[in-house]
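S.K.: So for the sequence shown, numbering that gives the first Met the number 0 puts the first residue at 0; every next one is plus one.
Take a look at this one; I'll ask things after.
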Amino acid sequence: MIQYAVRRLLLAIPTLFGVTILVFGMLRMLPGDPAQAMAGVHATQEYVAQVRRQLGLDQPLHIQYGRFMAGLLRGDLGISIRTGLPVSREVWSRLIPTLELTGVSLALATLVGIGVGVVSAVKPYSIFDYVSMTAALIGLSAPVFWLGLMLMLLFSVQLRWLPAAGRGGLANLVLPSVTLAASSVALIARFTRSTMLEVMRQDYVNTARAKGLPQGTVILRHALRNALIPIVTIIGLRFGALLSGAVLTETVFAWPGVGRLIVDSISARDYPVVQGAVLLLALAFVGINLVVDLLYGLVNPRIQYD
Numbered sequence: 000m001i002q003y004a005v006r007r008l009l010l011a012i013p014t015l016f017g018v019t020i021l022v023f024g025m026l027r028m029l030p031g032d033p034a035q036a037m038a039g040v041h042a043t044q045e046y047v048a049q050v051r052r053q054l055g056l057d058q059p060l061h062i063q064y065g066r067f068m069a070g071l072l073r074g075d076l077g078i079s080i081r082t083g084l085p086v087s088r089e090v091w092s093r094l095i096p097t098l099e100l101t102g103v104s105l106a107l108a109t110l111v112g113i114g115v116g117v118v119s120a121v122k123p124y125s126i127f128d129y130v131s132m133t134a135a136l137i138g139l140s141a142p143v144f145w146l147g148l149m150l151m152l153l154f155s156v157q158l159r160w161l162p163a164a165g166r167g168g169l170a171n172l173v174l175p176s177v178t179l180a181a182s183s184v185a186l187i188a189r190f191t192r193s194t195m196l197e198v199m200r201q202d203y204v205n206t207a208r209a210k211g212l213p214q215g216t217v218i219l220r221h222a223l224r225n226a227l228i229p230i231v232t233i234i235g236l237r238f239g240a241l242l243s244g245a246v247l248t249e250t251v252f253a254w255p256g257v258g259r260l261i262v263d264s265i266s267a268r269d270y271p272v273v274q275g276a277v278l279l280l281a282l283a284f285v286g287i288n289l290v291v292d293l294l295y296g297l298v299n300p301r302i303q304y305d
């Protein structure tokens with residue numbers, strides 16, 4: 000397993016290299032001048048040119064990219080144009096809130112999604128099945144920013160049960176995590192239902208029932224355990240979707256995470272911060288996919304890693 004993990008990490012290097020090229024190129028295509036933004040609206044052209052030289056933005060793109068990669072190999076992500084602080088400090092200070100929001104959302108999506116999917120598969124075409132799958136379809140269709148605003152309007156403005164924005168106690172985490180988890184709950188529930196229905200038609204499940212095993216044992220030990228591998232794959236993929244969805248969720252709820260940092264940095268044309276934040280999210284996505292691959296062996300011991 001260790002050799003497999005090392006091989007996967009080595010294969011991730013070209014992926015991360017491609018991410019740096021895409022982010023670097025796309026940021027330079029955006030309209031606006033970061034030197035002008037840093038110097039101020041009323042700055043003279045001479046001062047703007049001086050700031051541009053200090054930032055190295057007057058160099059050709061391939062030289063700028065080479066300097067970025069050289070710093071990256073040394074563990075230096077550069078200096079924020081907007082604040083003048085190291086990018087690593089900027090990003091790491093926002094990472095904990097993002098992981099907090101994403102982790103709670105993923106746990107919520109996994110527990111609720113699998114639970115609803117299993118019950119719907121055990122009782123297909125029942126009232127619960129129709130209602131839950133309809134709700135799942137609505138959850139998949141609702142945009143993150145719209146759902147967040149609607150929940151904020153209902154529970155914060157009308158009912159005044161929960162705070163509307165900001166990071167603080169557990170109450171502040173409820174609305175953002177529910178908003179971020181909604182589409183994942185819907186997808187995991189629908190996928191769990193379809194996978195469980197297929198597994199429950201297999202011969203070994205019918206044999207377990209014929210032996211007189213309790214219904215709970217048949218569902219949990221025989222059906223759900225064999226259906227977990229594709230479900231774990233979907234959960235791993237949803238982690239990346241939650242990270243990308245956190246950009247909108249954090250903006251709507253003023254959550255001080257990496258997603259909001261990216262939005263603010265794009266507005267300010269803060270290239271180093273955007274590059275460092277996106278690279279960190281890409282690394283997290285590669286890491287969670289590796290963890291998912293390694294979990295296959297725990298879910299199904301018959302799986303061997305070469």
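No residue lacks a Cβ here, since even glycine has one placed at the ideal position from N, Cα and C.
So the alpha helix (DSSP H) residue 156 belongs to, where does it begin and stop?
M.R.: The sequence position of residue 156 within the sequence shown is 157, counting from 1. Careful: residue 156 lies outside any alpha helix (DSSP H) and carries neither H nor E.
S.K.: Just verifying my parser: in three-state terms, what is the DSSP assignment at residue 80?
M.R.: Taking the first residue of the sequence shown as position 1, residue 80 is located at position 81. Residue 80 falls in the coil class under three-state DSSP.
S.K.: Could you name the residues that DSSP lists as bridge partners for residue 85?
M.R.: Here residue 85 refers to the residue found at position 86 of the sequence shown. In DSSP, residue 85 forms a bridge with 78.
S.K.: Would you call residue 16 buried or exposed, if buried means 16 or more other Cβ atoms sit within 10 Å of its Cβ?
M.R.: Counting from one through the sequence shown, the residue named residue 16 turns up at place 17. By the 10 Å Cβ count, residue 16 comes out exposed.
S.K.: So residue 112 and residue 188 are in contact, right, with Cβ under 8 Å, and what is the actual spacing, rounded?
M.R.: Here residue 112 refers to the residue found at position 113 of the sequence shown. Here residue 188 refers to the residue found at position 189 of the sequence shown. Contact holds; Cβ gap of about 4 Å.
S.K.: If I measure Cβ to Cβ from residue 118 and keep anything under 7 Å in the same chain, skipping five residues before and after, which residues do I get?
M.R.: The residue given as residue 118 occupies position 119 in the sequence shown. Cβ within range, chain order: 127.
S.K.: In the DSSP assignment, find the unbroken alpha helix (DSSP H) run with residue 65 in it and report its ends.
M.R.: For the purposes of this step, residue 65 is taken as residue 66 along the sequence shown, with counting starting at 1. Start and end: 60 to 72.
S.K.: Cβ atoms of residue 60 and residue 27: under 8 Å apart, would you say?
M.R.: Along the sequence shown, read from residue 1 onward, the residue named residue 27 stands at position 28. Along the sequence shown, read from residue 1 onward, the residue named residue 60 stands at position 61. Cβ atoms of residue 27 and residue 60: closer than 8 Å.
S.K.: Starting from residue 228 and walking both ways along the alpha helix (DSSP H), at which residues does that stretch end?
M.R.: Within the sequence shown, residue 228 is the residue found at index 229, counting from 1. Taken as a continuous stretch (DSSP letters only), the alpha helix (DSSP H) holding residue 228 covers 224 to 251.
S.K.: Please say whether residue 150 and residue 177 have beta carbons closer to each other than 8 Å?
M.R.: Your numbering for residue 177 matches position 178 in the sequence shown. Your numbering for residue 150 matches position 151 in the sequence shown. Result yes, Cβ atoms of residue 177 and residue 150 sit closer than 8 Å.
S.K.: Can the beta-carbon of residue 224 be found closer than 8 Å to that of residue 108?
M.R.: Position 225 of the sequence shown, counted from the first residue, corresponds to residue 224. Position 109 of the sequence shown, counted from the first residue, corresponds to residue 108. Contact: no.
S.K.: Taking the runs of the beta strand (DSSP E) that are 3 residues or longer, which of them lie wholly in the segment 124 to 204?
M.R.: Correct list: empty.
S.K.: What runs of the alpha helix (DSSP H), each 4 residues or longer, lie entirely inside the segment 4 to 55?
M.R.: If we require 4 residues or more, the alpha helix (DSSP H) runs fully inside the segment 4 to 55 come out as 33 to 38 and 44 to 54.
S.K.: Helix, strand or coil for residue 294? Go by DSSP, reduced to three states.
M.R.: Translated into the one-based positions of the sequence shown, residue 294 becomes position 295. Helix.
S.K.: Touch check for the segment 141 to 160 and the segment 246 to 253: three-plus C-beta pairs under 8 Å?
M.R.: In short, these stretches touch, since the Cβ pair count reaches three.
S.K.: Measure the beta-carbon distance from residue 271 to residue 79 and round it to whole angstroms, keeping in mind my assumption that it falls under 8 Å.
M.R.: The sequence position of residue 271 within the sequence shown is 272, counting from 1. The sequence position of residue 79 within the sequence shown is 80, counting from 1. Sure, about 6 Å apart at Cβ, within 8 Å.
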